[in-house]
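To start, the structure under review is shown below, and the notes come after it.
Protein chains: 4
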Amino acid sequence: MYKAIICGGSGYTGSELLRILYSHPDIEITSVTAERNVGSEITDLFPHLYPYKGLKFEPLDKETLFKKGDIFFMALPHSASQEAVDYFYKKGKKIVDLSADFRLKNLAAYEKWYEVKHHYPTTLKEAVYGLPELYRDEIKKTSLIACPGCYPTSAILGLYPALKNRIVSPTGIIIDSKSGTSGAGRKTDVSLSFSEVNSGFKAYKIASHRHTPEIEQELSLIAGVDLKVNFTPHLLPVPRGILSTIYAKVTKDVDIIEIYKNTYKDEQFVRVLDKGIFPDIRNVIGTNYCEIGIGINKETDTLIIVSVIDNLIKGASGQAIQNMNLMLDLPEITALNTIGILP
Amino acid sequence: MYKAIICGGSGYTGSELLRILYSHPDIEITSVTAERNVGSEITDLFPHLYPYKGLKFEPLDKETLFKKGDIFFMALPHSASQEAVDYFYKKGKKIVDLSADFRLKNLAAYEKWYEVKHHYPTTLKEAVYGLPELYRDEIKKTSLIACPGCYPTSAILGLYPALKNRIVSPTGIIIDSKSGTSGAGRKTDVSLSFSEVNSGFKAYKIASHRHTPEIEQELSLIAGVDLKVNFTPHLLPVPRGILSTIYAKVTKDVDIIEIYKNTYKDEQFVRVLDKGIFPDIRNVIGTNYCEIGIGINKETDTLIIVSVIDNLIKGASGQAIQNMNLMLDLPEITALNTIGILP
Amino acid sequence: MYKAIICGGSGYTGSELLRILYSHPDIEITSVTAERNVGSEITDLFPHLYPYKGLKFEPLDKETLFKKGDIFFMALPHSASQEAVDYFYKKGKKIVDLSADFRLKNLAAYEKWYEVKHHYPTTLKEAVYGLPELYRDEIKKTSLIACPGCYPTSAILGLYPALKNRIVSPTGIIIDSKSGTSGAGRKTDVSLSFSEVNSGFKAYKIASHRHTPEIEQELSLIAGVDLKVNFTPHLLPVPRGILSTIYAKVTKDVDIIEIYKNTYKDEQFVRVLDKGIFPDIRNVIGTNYCEIGIGINKETDTLIIVSVIDNLIKGASGQAIQNMNLMLDLPEITALNTIGILP
Amino acid sequence: MYKAIICGGSGYTGSELLRILYSHPDIEITSVTAERNVGSEITDLFPHLYPYKGLKFEPLDKETLFKKGDIFFMALPHSASQEAVDYFYKKGKKIVDLSADFRLKNLAAYEKWYEVKHHYPTTLKEAVYGLPELYRDEIKKTSLIACPGCYPTSAILGLYPALKNRIVSPTGIIIDSKSGTSGAGRKTDVSLSFSEVNSGFKAYKIASHRHTPEIEQELSLIAGVDLKVNFTPHLLPVPRGILSTIYAKVTKDVDIIEIYKNTYKDEQFVRVLDKGIFPDIRNVIGTNYCEIGIGINKETDTLIIVSVIDNLIKGASGQAIQNMNLMLDLPEITALNTIGILP
């Protein structure tokens, strides 16, 4: 049994880590922290986590915690994560960081987009970007995972086979993404209230969302050239799910679906759909799966990729546990072999 | 390993049986029938049931099926179930019937409320009403379970401790229930379309819903007198969940919450909440739990019980599997020890 | 042209007053106040109120305002309303108060339920309860209207014909009400966020909601006896609408629907539905109508009344304008003769 | 007073015509047809249209109808509209056709995309595409309007200023559109049921939606070159509203927002938002407005246009009435000067 600690357990990624790990046979939760809820029971905030009845939020007291855990999930806000990650990393712990603090390799990009200084550039260099479909071997060897953002996960998995195989142009890529409200976190904000979100739909942070440099970093590495994308996030009136509709110019006359299926043929959590079939976010809600549908507009030579994930699972806590399984040399699917609940 | 067959697998109770049984270590699904979908893959109707990829709907050919199964889940419409249940029962199979055909002990009541003849009165007498919290011992011994309706499950579990302990009057009971749309089944009906249901709310079948005699039968048995209730169902714009608000006149000055907690202290799937706390249907969605909150209006001496379940799980397929576990002498919680997915 | 001022215009009752009055031919808005938004444009908070582009929120400066208005809509929180109402009333203005401050005739009841002192008992005595179907003549003569709460409007209109005509018992009345989220106001509260409300449903403030004494005051006046009710509010995952399901013991064998139709035959904003037809909140969203369906359970001699309104219109701002029309001797339907927007 | 007839009044565009025309001072409805509902009251299908209580659906008997109407709204399915339009047009009536039958000038394109023959090519030539912002003068002079599709309205209004002023490239345009469920009509289809749509989101008819040739026809006329677009529709879990996110390559260094504002400065129903502000579909629900937000990605020289309309109003029945007002030389805003209902 490994001892796991969740730092920042009062948000939705924290509650999802608790939910999923409940069915993990090799993990025992020893502490959950939440500064503003110290002393409250976890079930006060999340009545559905009833099996954790009795477990209370603790303060993030690093010296106490490092003695109690083998593996640390950091579900803190960006910039709050830096110091704690560095501390536990240097103590030799295994860390899965769900914040953005260790994702961008380019320090200047991090400081520009997140508007804070990065104090641990050396530790940053050690971090592995936790997208198992691209970096499985590195993940198995590292102790520090920077878990991808939700939008980047859907976008990168959607474009990886096309860019890697050089079948689309790296310029002019459009990523039009739509996310459920849980992506904004568990917040008191009138613009996220039911009365304001229900029956609505809008784009936001056009050409200015912080996930843009993360998407560009990874797609550039895949394509082998520095590329820029148009990324537009939208807020869907659903609690969960991301659907990204991605457009790229086709440059090679090949069987694209075949290439996609082949690329992901050994992946347990990516499904490429057959010709003419496109995913609904409902197909993957409650699961760690990414489903990808492929369309081609022959009139305009455009590849249209539709990629869906559950933003809180494959886009956050499920992927974090997938990474943990790899780091601990456990079967990758442990605790993640579930069917979503529909309708 | 037991072999299970699902008759009528194209509705939501069928898909939920498949979803839950996927994680049951002692059950193997050998056939799923659906007359109107013979030959289709289950994943054509339910893409989220991806692990069943390749499994196809079969016709309900009784002679073929009885050789392939040990336990039969009947998820057929009422009246369609009668004959098949009788057939498999007489062949010595174990049967969990999710239809209404074997719930009402009073033949005349069945024929009046369901407007069809019952052809198997002898078999009807053998059926046990599958509410484990009331009939666990009988369930363990029988081969034929009549699984309770969704509304009755929420109403009966809500009233059981009060009526059994004679702390409320058996007359004048009000059961004001609200259900999500999946209770109406997987149907093509304009009145169930998103455009017509969303942002709406209504009562229906006032003083005329078919679950009324079922509720009255069981409450009368508990109270030891023939009683009548006012039962009003409503349609909620949510996919799942039933919340019943129940009113009864208090006749004894006792600690009611204590009595409720005591009654259900050994139950794994019923939780009585502390004073002043009332359940949201969200607490139990995706689970086999019933949560009950207790309020008392001192000005009017009225007990106000709020009872919530997931209509497709504790109100149907989960309870069916709970019954199966009991019949097969397996741990009652097998495949049902889950946390719901929120938000 | 009358000059109207809205005190407290940053909430949903304020925005609805603005929306409805936009089509009122006899009213000109001269000021809208909102302490916390002074200087902001109204369209910053409510982009849909585009025709008011340029109008800004002002502070509630009584001396400035009283010179600018003939009729004052007070959409302030309870207790904040008292002083301003008293001030403008003594200056001879016409006032429609949407807060709870002048609804309860019993000072002690007000102070107990609202937990604040009432400083203007003399003015309180002058206030008329603004339910036109009951108090039309008094409304026409007064300068101070206490506009009813949303739940009380649905409950009182639902019970009025039955209690007035003594066809039900005044004891044992149950009012099971369900309201959309806008009833909670425009608030930053995680429990009202989309992620927490969507797909959920719950009862709240059981046997303890502040609208209880208001309902009891008015029903007692109608019935001619001091009565108590069981009132249970619930939170629906819809933005607007209240549906109250009301239960009362029938004591007379009469044609109840006929009595209801007769009682409201001259009312423009109450519709009694035919036998067997029950309302959906959707029927009245966006309108000032109350629709009432009548059912009878012969087995239990229970009258089941289903009453629906739009909580922000007939339950607040529309009724306020109906009252204003009466006070100003304008046609009662002015600006309220609309059809709701469906789907 | 003009006499108006609605052919095909049992769908949502029919009910919206009735709702909006109720407040039109110059129009009287003399007949509403609906083949499958002949003899039913309109309020049986649409209880919210209460002021039409008593009005019944009639059969589409052309000889009877042409005597009863001056202006004919054709809200029939495509292909069903052809013959009736031709008949009334030749009788000298004014016609607003909401079907697709007279939109495509290219007969071959119509027959390919709609898979039916067009029997009235001569009448087709007479039809004016009813987008007032582009064809106001022609609309005023014609008797036959082909009302634009909902998606095309949002796309064309969004791109018109950019293409007309040659500030973007006509090649490589992406139109990523999201529509509410009412766009699919009032249908009995399990895939449109609440249980299946709620909490879901999907793309559909990728590179194959029938509105594609309509969008291309009009954009080509504006740009002065034959162009092709990538158009991807998606189904939103909301009842109403379309949001189109449009991407085009910028080719000129000009003040684009200024050009947009200038293009629409005299339009009553198009609003161009200020820099950095983007519309929510909620802003325009219940109104005839189109709101447009403009963003620019300097890194990729891409113009990002976000255009929102109410699909049933500016995308259908409201625009039909705007066209009618122009044809009848009435003020264009008559019956359309409304504020939407929020929340």
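Chains as they are written, first to last, in the numbering used here: chain A, 1 to 343; chain B, 1001 to 1343; chain C, 2001 to 2343; chain D, 3001 to 3343. Note that CB positions come from ideal geometry on N, CA and C, so glycine has one too.
Could you check whether residue j and residue i sit closer than 7 Å to each other, using their CB atoms as the reference points?
{"i": "Cys2150 (chain C)", "j": "Asn2311 (chain C)", "result": "yes"}
{"i": "Pro2161 (chain C)", "j": "Ile2259 (chain C)", "result": "yes"}
{"i": "Ala2155 (chain C)", "j": "Ile2215 (chain C)", "result": "yes"}
{"i": "Asn3198 (chain D)", "j": "Pro3237 (chain D)", "result": "yes"}
{"i": "Pro233 (chain A)", "j": "Thr181 (chain A)", "result": "no"}
{"i": "Arg2186 (chain C)", "j": "Ile3339 (chain D)", "result": "no"}
{"i": "Leu1303 (chain B)", "j": "Val1250 (chain B)", "result": "yes"}
{"i": "Phe1391 (chain B)", "j": "Lys1091 (chain B)", "result": "For residue 1391 (chain B) there is no data in the structure shown, the boundaries of chain B being 1001 and 1343."}
Considering residue i, what are the terminal residues of the alpha helix (DSSP H) in which it resides?
{"i": "Pro233 (chain A)", "result": "Counting along the chain, Pro233 (chain A) falls outside any alpha helix (DSSP H), though it belongs to the beta strand (DSSP E) covering Asn230 to Leu235."}
{"i": "Phe88 (chain A)", "result": "Ser81 to Lys90"}
{"i": "Phe3057 (chain D)", "result": "Careful: Phe3057 (chain D) lies outside any alpha helix (DSSP H) and carries neither H nor E."}
{"i": "Phe1073 (chain B)", "result": "First-last for Phe1073 (chain B): Ile1071 to Met1074, but that is the beta strand (DSSP E), not the alpha helix (DSSP H)."}
{"i": "Thr1122 (chain B)", "result": "Pro1121 to Glu1126"}
{"i": "Glu2016 (chain C)", "result": "Tyr2012 to Leu2021"}
{"i": "Lys1261 (chain B)", "result": "Ile1256 to Thr1263"}
{"i": "Lys1067 (chain B)", "result": "Lys1062 to Lys1068"}
{"i": "Glu1267 (chain B)", "result": "Taken as a continuous stretch (DSSP letters only), Glu1267 (chain B) belongs to no alpha helix (DSSP H), as it is neither H nor E."}
Under 7 Å between C-beta atoms, does residue i make it to chain D?
{"i": "Glu218 (chain A)", "result": "no"}
{"i": "Thr302 (chain A)", "result": "yes"}
{"i": "Ser1317 (chain B)", "result": "no"}
{"i": "Ser1193 (chain B)", "result": "yes"}
{"i": "Arg271 (chain A)", "result": "no"}
{"i": "Ala203 (chain A)", "result": "yes"}
Would DSSP call residue i helix, strand or coil?
{"i": "Cys290 (chain A)", "result": "strand"}
{"i": "Leu2950 (chain D)", "result": "Lying before the first or after the last residue shown, residue 2950 (chain D) is absent from chain D, which here runs from 3001 to 3343."}
{"i": "Leu2104 (chain C)", "result": "coil"}
{"i": "Ser1307 (chain B)", "result": "strand"}
{"i": "Thr1334 (chain B)", "result": "coil"}
{"i": "Thr43 (chain A)", "result": "helix"}
{"i": "Gly9 (chain A)", "result": "coil"}
{"i": "Gly1295 (chain B)", "result": "strand"}
{"i": "Ser2099 (chain C)", "result": "coil"}
Check for me: the beta strand (DSSP E) holding residue i runs from which residue to which?
{"i": "Thr2245 (chain C)", "result": "Ile2242 to Lys2249"}
{"i": "Ala2146 (chain C)", "result": "Leu2144 to Ala2146"}
{"i": "Ala320 (chain A)", "result": "Where Ala320 (chain A) is concerned, there is no enclosing beta strand (DSSP E), although the alpha helix (DSSP H) it sits in stretches over Gly318 to Met327."}
{"i": "Arg2282 (chain C)", "result": "No beta strand (DSSP E) holds Arg2282 (chain C); DSSP gives it neither H nor E."}
{"i": "Ile3029 (chain D)", "result": "Ile3027 to Thr3033"}
Spell out whether any CB of chain A is found under 7 Å from the CB atom of residue i.
{"i": "Thr1950 (chain C)", "result": "Chain C is shown from 2001 up to 2343; residue 1950 (chain C) falls before or after that span and cannot be answered."}
{"i": "Val2197 (chain C)", "result": "yes"}
{"i": "Leu3243 (chain D)", "result": "yes"}
{"i": "Lys3112 (chain D)", "result": "no"}
Kindly say whether residue i, judged by its beta-carbon, lies nearer than 7 Å to any beta-carbon of chain C.
{"i": "Asp1097 (chain B)", "result": "no"}
{"i": "Leu3236 (chain D)", "result": "no"}
{"i": "Pro239 (chain A)", "result": "yes"}
{"i": "Val1254 (chain B)", "result": "no"}
Counting only C-beta atoms, is residue i closer than 7 Å to chain G at any point?
{"i": "Phe2066 (chain C)", "result": "Included in the structure are the protein chains A, B, C and D, with no chain G among them."}
Is residue i close to chain B, meaning its C-beta is less than 7 Å from at least one C-beta of that chain?
{"i": "Ser182 (chain A)", "result": "yes"}
{"i": "Phe3046 (chain D)", "result": "no"}
### Message
Please give the ranges of any alpha helix (DSSP H) in the region 160 to 234 of chain A, keeping only runs that are unbroken, at least 4 residues long and fully inside the region.
### Response
Complete alpha helix (DSSP H) runs here, min 4: 194 to 197 and 211 to 223.
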